[in-house]
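These notes concern the structure reproduced below.
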Amino acid sequence: MNGNCSNRAIVIGEMAEEIGGAQAISYLPAGYDGACSIVVGLDTERTVAVMPNTTEGRRVALYAIRPEGYATSAYVFPSSGSDVTHQTLEDWI
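Quick note: the sequence shown uses my numbering, first residue 173, plus one each step.
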């Protein structure tokens with residue numbers, strides 16, 4: 173895990189068991205509003221986006237666990253702002 177991330181996992185979204193029960197989990201420290209890496213679980217876990225702030229990071233994670241997002245899980249971690257890949261959820265889609 174990134175040295176700046178919280179050891180405390182917070183579930184920020186969860187799909188119903190009937191459609192897979194996927195979860196979006198945040199490892200962001202309290203009060204953090206910087207860039208975020210989004211890691212999703214498909215067959216393997218991989219980073220799919222780096223967003224400029226927590227609002228967009230959470231939006232991507234929540235979309236990823238929806239049926240149309242195909243992910244079995246999504247995690248949000250702090251990231252450096254130098255590696256931002258997308259500005260908004262809409263850019264990522």
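Cβ coordinates follow ideal geometry from the N, Cα and C atoms, glycine included.
With a 10 Å radius around its C-beta and 16 neighbouring C-beta atoms as the bar for buried, classify residue i as buried or exposed.
i: SER254; result: exposed
i: ASP263; result: exposed
i: ILE182; result: exposed
i: GLU228; result: buried
i: PRO250; result: buried
i: ASN174; result: The predicted position of ASN174 is uncertain, since its pLDDT is 48 and thus under 50; a value taken from the coordinates is nonetheless stated next. Looking at its Cβ environment, which holds fewer than 16 other Cβ atoms inside 10 Å, ASN174 is exposed.
i: SER252; result: exposed
Measuring CA to CA, which of the options is closest to residue i?
i: ALA243; options: ARG218, GLN259, ASP263; result: ARG218
i: TYR235; options: ARG180, ASN225, GLU186; result: GLU186
i: ARG180; options: GLU190, TYR199, ALA221; result: TYR199
i: ILE210; options: GLN259, THR260, VAL222; result: VAL222
i: ASN225; options: ARG231, VAL212, GLY241, ASP205; result: ASP205
i: ARG230; options: LEU261, ILE265, GLY213; result: LEU261
Which partner residues of residue i appear in the DSSP bridge assignment?
i: ALA246; result: ALA196, VAL212
Assuming residue i and residue j are in contact, meaning their beta carbons sit under 8 Å apart, how far apart are those beta carbons, in whole angstroms?
i: ALA246; j: ALA202; result: Going by Cβ atoms, the distance from ALA246 to ALA202 rounds to 20 Å, so no, they are not a contact pair.
i: ALA194; j: ILE237; result: 4 Å
i: ALA233; j: VAL248; result: 5 Å
i: ILE295; j: PRO239; result: The structure shown has nothing for residue 295, since the chain only spans 173 to 265.
Entirely enclosed beta strand (DSSP E) segments - the segment 178–239, minimum 3 residues = 182–186, 195–198, 208–213, 217–223
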